[in-house]
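First the structure, in the form of structure tokens, and then the observations on it.
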DNA sequence: GTATTTGTTGACAGCGCTGTCATTACACGC
DNA sequence: GCGTGTAATGACAGCGCTGTCAACAAATAC
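Chains as they are written, first to last, in the working numbering: chain W, 891 to 1243; chain F, 891 to 1243.
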């Protein structure tokens, strides 16, 4: 009924609680006989140390906190949609935590809050996590990074773009991915390419836009202002931007949207204007959202290895917690995959070059 | 640099640490003057009590643990897909936790493990959460419930079907939802309806199947064994089951799949057989997955209010933790919504009755 | 006025661990 | 044999909080 404590284990094994602690934490200088005794007793009792007591007494809490943007979360909550990025991030983090005996705690952060710095400070001193996984856009928020640095907390920035040398970082090259996708369209023969920009809250939006522009320049293609529209990563904004871009004359033969939800919106806009995809206009997205393979046409997009990023991040934190001295690499780039599907095709009348 | 403790606050306010504790926990019998002094000091210092210390000293940990099936998680992780159910569950739980100053911890549970009971016991005594949110299929696992009951832990079962009177429960009526969907198809004029069963690991699969059968009987329609196929909630199984059912002669005019992923598979199977949806065969799903509104045709499905369920669950736990005596309702049914979209239509040649 | 009750505050122990340091056991050299 | 060094173990304090209970102040009754 009541919980098993270290005292119970020590008594049963006939040793001191300190020895139990040593064995269970894999500390050196323990004889094989002692280790066996303790392990048997702990096993028989089904003992597991209390997280709270450990956290209070020792340096480690065995908790990894994932920091998630509150605004984004509330938005998803209101609309009743899940958050695929978050979900995949968690899967990765969980897989790593499980191995290391860590626990994953999800924490909301309101980056727009006036008391943001204090909130972060308070959260860290309350939780004392072994490390923090920052997800976009929190991972690019200077105030948060400042607070964490001041507190000396270990953190990993997922998909961060700004201040690249700051803190630990796991990222994919959004700029190059967008460059590649644009090149992919250009190679198909498209010369008139539109672009739907993502939400300015995310540093990745800028990187993707710049990647697009760099590729256009590289291939000698003109970026027409009327074919660029500012979205906010939502389906509705994609619909609107798509309608606007596709109503221009002449209109582009391809549109690259900064994420899949907006790409779906653009497809919808095209359909409403009587244009077929990819027959009249090719459409590409970014993210490989859950619907991308069930939509018709299936969406050409860029797949981010979010779970892999979170895994790498969690691993960095765990390694640091286990041995702060041992300097593991602090930056890791992961590979994206450009997935060509049915929503893109060579423009009518202009075969592949 | 170093963290602010209750001692700092007490010193600054010129009171005892116990008074600080009382004020911060909203305990009664505190004068307004004291309260103000403490609040000012705490505010000035940006103080937040340590979770570990609180958990160790007091009865509450301010942690809610969400128990998630490990097998399912590993499967998602391997295939690189997010888990929409989980994501929505979390959104709801997070919104509630935020208000109550609680923290959400996600924990994997391997219901197939030989040491499951001990694992659960160990987890609970290690974490001492204020309460547990059990997600399917964990919420239907008797071993887990036994362990939790034995330990006296507070838990809420999400979407549980078995042992309905056991523990706290937030659920939607899968049986009735499936009944309604079947009725919806029947009312459209379908008399020949196939069904793709869900994974037997989930109690909901059975409920949905029975709801389907009950509705068929109610409407005087015959359930043909060759039009029933056993899937496992994956797209691949939907593809396979769809192919099998649609290859029968005669084939049904409608197929109801136990979830959306399988419904997408059935649509795909129909397409491969040269059948159009809903022209040749109507297809309905269950879950309102993220892709359901972007697929072509958009999928007729049942929407589960997962976030709402988790919110209600978290609220039950928090209410219980704050005041175990006060007996809040232990069971709550939430409403589903049948969303009619384009994948279903009256059968050819048989107009709506 | 005193006795009694009620309300407010603080002193202190202790939650279950880990860190520090003292102690003991044991091996080795001479 | 003894001293010396090193490995193994334990005693004890204390992490930051809350629960218990005692002390004290204020309000009420007589």
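Where is the CB? At the ideal position from N, CA and C, for every residue including glycine.
Can you tell me which residues form a DSSP beta bridge with residue i?
i	result
residue 1046 of chain W	W/1023 and W/1058
residue 1174 of chain F	F/1146 and F/1190
residue 1120 of chain F	F/1087
residue 993 of chain W	W/953
residue 1229 of chain F	F/1191
Residues of chain F with a CB under 9 Å from the CB of residue i: which are they?
i	result
residue 970 of chain W	978, 981, 1178, 1193, 1195, 1196, 1197 and 1198
residue 945 of chain W	940, 941, 942, 943, 945 and 946
residue 842 of chain W	No answer is possible for residue 842 of chain W: it lies beyond the span of chain W, which begins at 891 and ends at 1243.
residue 1064 of chain W	The contacting residues do not exist; residue 1064 of chain W stays about 19 Å from chain F at best.
Helix, strand or coil, according to DSSP, for residue i in the structure here?
i	result
residue 1238 of chain W	coil
residue 909 of chain W	helix
residue 1136 of chain W	helix
residue 1089 of chain F	coil
residue 1223 of chain F	strand
residue 922 of chain F	helix
residue 897 of chain F	helix
residue 1243 of chain W	Residue confidence is low: residue 1243 of chain W scores 43 on pLDDT, short of 50, so the model does not pin down where it sits. No coordinate-derived value is stated.
residue 959 of chain F	strand
residue 1165 of chain F	coil
residue 1017 of chain F	helix
residue 884 of chain F	Any question about residue 884 of chain F goes unanswered here, given that chain F covers just 891 to 1243.
residue 1111 of chain F	coil
residue 1033 of chain W	helix
residue 1096 of chain W	helix
residue 1001 of chain F	coil
residue 1101 of chain W	helix
residue 1068 of chain W	helix
residue 940 of chain W	coil
residue 904 of chain F	coil
residue 1007 of chain W	helix
residue 986 of chain W	helix
residue 1179 of chain F	coil
residue 966 of chain F	helix
Given that residue i touches chain W, what residues does it touch there, using C-beta distances under 8 Å?
i	result
residue 1231 of chain F	Here the premise fails: no neighbours, minimum Cβ distance about 13 Å.
residue 963 of chain F	981, 984 and 985
residue 894 of chain F	1015
Are the CB atoms of residue j and residue i within a distance shorter than 8 Å?
i	j	result
residue 952 of chain F	residue 944 of chain F	yes
residue 1019 of chain W	residue 1001 of chain W	no
residue 1080 of chain F	residue 1144 of chain F	yes
residue 1034 of chain F	residue 1010 of chain F	yes
residue 913 of chain F	residue 959 of chain F	no
residue 1147 of chain W	residue 1192 of chain W	no
residue 1176 of chain F	residue 1150 of chain F	yes
residue 1013 of chain F	residue 1223 of chain F	no
residue 1208 of chain W	residue 992 of chain W	yes
residue 898 of chain W	residue 924 of chain W	no
residue 974 of chain W	residue 972 of chain F	yes
So which residues on chain F does residue i lean against when the C-beta distance must stay under 7 Å?
i	result
residue 996 of chain W	980, 984, 994 and 996
Could you work out which residues of chain F lie near residue i, taking near to mean beta carbons separated by less than 8 Å?
i	result
residue 1154 of chain W	1184
residue 1036 of chain W	Simply none; closest approach about 14 Å.
residue 1017 of chain W	941 and 993
residue 1149 of chain W	Result: empty, since nearest Cβ-Cβ is about 13 Å, beyond 8 Å.
residue 974 of chain W	972, 974, 977 and 1180
residue 988 of chain W	960 and 998
Applying a beta-carbon distance threshold of less than 7 Å, which residues of chain W neighbour residue i?
i	result
residue 951 of chain F	942
residue 1091 of chain F	Residues of chain W passing the Cβ test: none, with the nearest at roughly 18 Å.
residue 1139 of chain F	Those do not exist, as residue 1139 of chain F stays about 28 Å from chain W at its closest Cβ, beyond 7 Å.
residue 1011 of chain F	936
So which residues of chain W does residue i contact, with C-beta pairs closer than 9 Å?
i	result
residue 1181 of chain F	1179, 1180, 1181, 1182, 1183, 1184 and 1185
residue 1117 of chain F	Here the premise fails: no neighbours, minimum Cβ distance about 23 Å.
Tell me whether the segment 1041-1060 of chain W and the segment 1104-1114 of chain W touch, counting them as touching only if at least three CB pairs, one residue from each stretch, are closer than 8 Å.
no
Assess, as a yes-or-no matter, whether the segment 1126-1144 of chain W is touched by the segment 1162-1178 of chain W under the definition of 3 or more beta carbon pairs within less than 8 Å.
yes
Okay, do the segment 897-910 of chain F and the segment 924-934 of chain F touch, 3+ Cβ pairs below 8 Å being the bar?
yes
For the segment 1054-1067 of chain F and the segment 1153-1164 of chain F, state whether three or more C-beta atom pairs, one from each stretch, are separated by less than 8 Å.
no
Taking 8 Å as the threshold, find out whether the segment 1096-1104 of chain W comes into contact with the segment 1069-1084 of chain W through three or more Cβ pairs.
yes
Does the segment 978-998 of chain F touch the segment 954-973 of chain W, meaning 3 or more C-beta pairs lie closer than 8 Å?
yes
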